[in-house]
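J.: Mapping of the sequence shown onto our numbering: residues 4 to 271, in sequence order. Note that beta-carbon positions come from the ideal geometry of N, C-alpha and C, so glycine has one too. No experiment lies behind these values; they were computed from the predicted model shown.
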Amino acid sequence: MSDRGGRCSDLVGLLDGKTIIVTGVANRWSIASGIARRLHAHGARLILTYQGDRVEDAVRDHAEEFGGAPVFECDVTKDSSLRALAAGAGKIDGLVHSIAFVKKEDLSGKVYTTSRDGFAMAMDISAYSLIALVGHLVDNLNDGASIMALTYLGSGQIVPNYNIAGIAKAALESTVRYLAFDLGERGIRVNAISAGPIKTASSRQVAGFSAMPGKVAAASPLKRNITIDDVGNVAVYLASDLSSQVTADVHFVDAGYHAMGMYPEAAS
Ligand code: 0WD
């Protein structure tokens, strides 16, 4: 283990010997890609999943960067797909849920125009999917495993245009807490990472998103944007034994933006 200046020797290889399923690696810009990169750098053996044919080649190609990580199709709306993942994955020490979907027309305008179908689809893919994944993988999970899900500030506060996505994230965060209770007796931890805005295929669907990272950076205590590697570093901590007593938590990785009660331009 290398020792960088005598300070970091025990911060390399934090995940040696651990096998972790990472969902949602749609492409190299996905938050899940940054997470996979950092988990792999710390010694984790990865299993990647992809949603369907549209992204299969890109994900298989990407898996080569992680020592030829096994790749499974897993569309979370299909129980057959979840069963196949459980049958093929073997024992795991971690699960990263980095999945969300909301119809584009539901990411602008008035929340009260959301259709029954749009609401059901958003909740199914963005929130119920965590229950479905855990339910199918419960016997694959080793005691002491770590589960994490990606969420966003719009779950608890109003973020214009995030709309039904925020409502689904509120359900996801509540799911995290109840699953943490269900699995706590096995030492399995369940947490959420609440990331600041990052340009990805999904986030671009939110009306007006492109201006958001710059504005958030200007208003945040650390005065910067979040990268997928920033999120990946926190995922390493949550997947590792360093966080063995942390569960049922929502951990913000947003340069402190969530703590602001008034933005600088309003206060000057
Ligand atoms: O600013 C952001 N980008 C933030 C994203 C801030 C805070 C949180 N998040 C969350 C998202 O809500 C999501 O939960 O992070 C997670 C990952 O999102 P991302 O990395 O921003 O977006 P993206 O690269 O598009 O990954 C989301 C993926 C899908 O990608 P595509 O682009 O193919 O829609 O969710 C997956 C899919 O890979 N996905 C599914 N996976 C399995 N089954 C399904 C499905 N039915 N539907 C979507």
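Select from V162, A168 and D78 the residue whose C-alpha is nearest the C-alpha of G121.
T.: Here the question's residue 121 lines up with position 118 in the sequence shown. The shortest C-alpha separation from G121 is found at A168.
J.: Pull the bridge partners of R207 from the DSSP assignment, please.
T.: The sequence position of residue 207 within the sequence shown is 204, counting from 1. Partner(s): none; R207 has no beta bridge.
J.: Taking the alpha carbon of G16 as the point to measure from, which residue in H65, L42 and V28 has its own alpha carbon closest?
T.: Position 13 of the sequence shown, counting from 1, holds the residue named residue 16. Ranking H65, L42 and V28 by Cα distance to G16 puts L42 first.
J.: Taking 7 angstroms as the cut-off, is the CB of V3 close to at least one heavy atom of ligand 1?
T.: Summary: the structure shown does not reach residue 3, with the chain confined to residues 4 through 271, and so no result is reported for it.
J.: For R48, report the span of its beta strand (DSSP E) as first-last.
T.: Within the sequence shown, residue 48 is the residue found at index 45, counting from 1. Residues R48 to Y53.
J.: Pull up the DSSP beta-bridge partners for E76, would you.
T.: The residue given as residue 76 occupies position 73 in the sequence shown. Note: E76 sits in a beta bridge opposite Y53.
J.: If you scan the segment 85–169 from start to end, which runs of the alpha helix (DSSP H) of 4 or more residues do you find wholly inside it?
T.: Taking only runs of at least 4 residues, the alpha helix (DSSP H) segments lying wholly in the segment 85–169 are 119–126 and 132–140.
J.: Are there 16 or more other CB atoms within 10 angstroms of the CB of F184, so buried, or fewer, so exposed?
T.: Here residue 184 corresponds to residue number 181 of the sequence shown, with the count starting at 1. Counting Cβ neighbours within 10 Å, F184 comes out exposed, since fewer than 16 surround it.
J.: If you follow the beta strand (DSSP E) that S197 is part of, which residue opens it and which one closes it?
T.: Within the sequence shown, residue 197 is the residue found at index 194, counting from 1. Note, S197: beta strand (DSSP E), R192 to A198.
J.: Does the beta-carbon of A61, which I'm using as the reference point, lie nearer than 7 angstroms to any heavy atom of ligand 1?
T.: Here residue 61 refers to the residue found at position 58 of the sequence shown. The answer is no for A61.
J.: If we count Cβ pairs, one from each stretch, closer than 8 angstroms, do we get three or more for the segment 128–141 versus the segment 169–179?
T.: Cβ pair count under 8 angstroms is three or more, so yes.
J.: Can you tell me whether T22 is helix, strand or coil according to DSSP?
T.: Here residue 22 refers to the residue found at position 19 of the sequence shown. Looking at T22 - three-state DSSP - the assignment turns out to be strand.
J.: Where does the unbroken alpha helix (DSSP H) through V219 begin, and where does it stop?
T.: Taking the first residue of the sequence shown as 1, we reach residue 219 at position 216. Start and end: M215 to A222.
J.: Is it the case that the Cβ atoms of V234 and I34 are separated by a distance below 8 angstroms?
T.: Translated into positions along the sequence shown, residue 234 becomes position 231. Translated into positions along the sequence shown, residue 34 becomes position 31. Contact flag set, yes.
J.: Could you please give the first and the last residue of the uninterrupted alpha helix (DSSP H) stretch that includes V253?
T.: Translated into the one-based positions of the sequence shown, residue 253 becomes position 250. Here V253 belongs to no alpha helix (DSSP H); instead the beta strand (DSSP E) covers V253 to V256.
J.: At a cut-off of 7 angstroms, is N30 close to ligand 1 when judged by its beta-carbon and the heavy atoms of the ligand?
T.: Residue numbering aside, residue 30 sits at position 27 when the sequence shown is read from its first letter. Indeed, a heavy atom of ligand 1 lies less than 7 angstroms from the Cβ.
J.: Among the residues of its own chain, which have a CB less than 7 angstroms from the CB of A66, if the five just before and after it don't count?
T.: Residue numbering aside, residue 66 sits at position 63 when the sequence shown is read from its first letter. Counting only Cβ-Cβ distances below 7 angstroms, and skipping sequence neighbours, we find L51, A72 and V74.
J.: So, for A90: in the same chain, excluding its five sequence neighbours on each side, which residues have a beta-carbon less than 6 angstroms away from its beta-carbon?
T.: Taking the sequence shown and counting its residues from 1, one reaches residue 90 at position 87. Closer than 6 angstroms at the Cβ level, and outside the excluded window around A90, lies no residue.
J.: List the endpoints of the continuous alpha helix (DSSP H) containing E268.
T.: Counting from one through the sequence shown, the residue named residue 268 turns up at place 265. Counting along the chain, the alpha helix (DSSP H) containing E268 begins and ends at P267 to A270.
J.: Could you compute how far the alpha carbon of H100 sits from the alpha carbon of N236?
T.: Translated into the one-based positions of the sequence shown, residue 100 becomes position 97. Translated into the one-based positions of the sequence shown, residue 236 becomes position 233. Each residue's alpha carbon lies about 16 angstroms from the other.
J.: Do L175 and A152 count as a contact pair if the criterion is CB distance below 8 angstroms?
T.: Start at 1 with the first residue of the sequence shown, and residue 152 comes out as number 149. Start at 1 with the first residue of the sequence shown, and residue 175 comes out as number 172. Cβ atoms of A152 and L175: closer than 8 angstroms.
J.: Please state whether DSSP places N228 in a helix, a strand or coil.
T.: In the sequence shown, residue 228 corresponds to position 225, counting from 1. Three-state DSSP puts N228 in coil, outside helix and strand.
J.: Return the residue from the list Q54, F69, M124 and R189 that minimises the CA-CA distance to T22.
T.: Looking up residue 22 in the sequence shown gives position 19. T22 has its Cα closest to that of F69, out of Q54, F69, M124 and R189.
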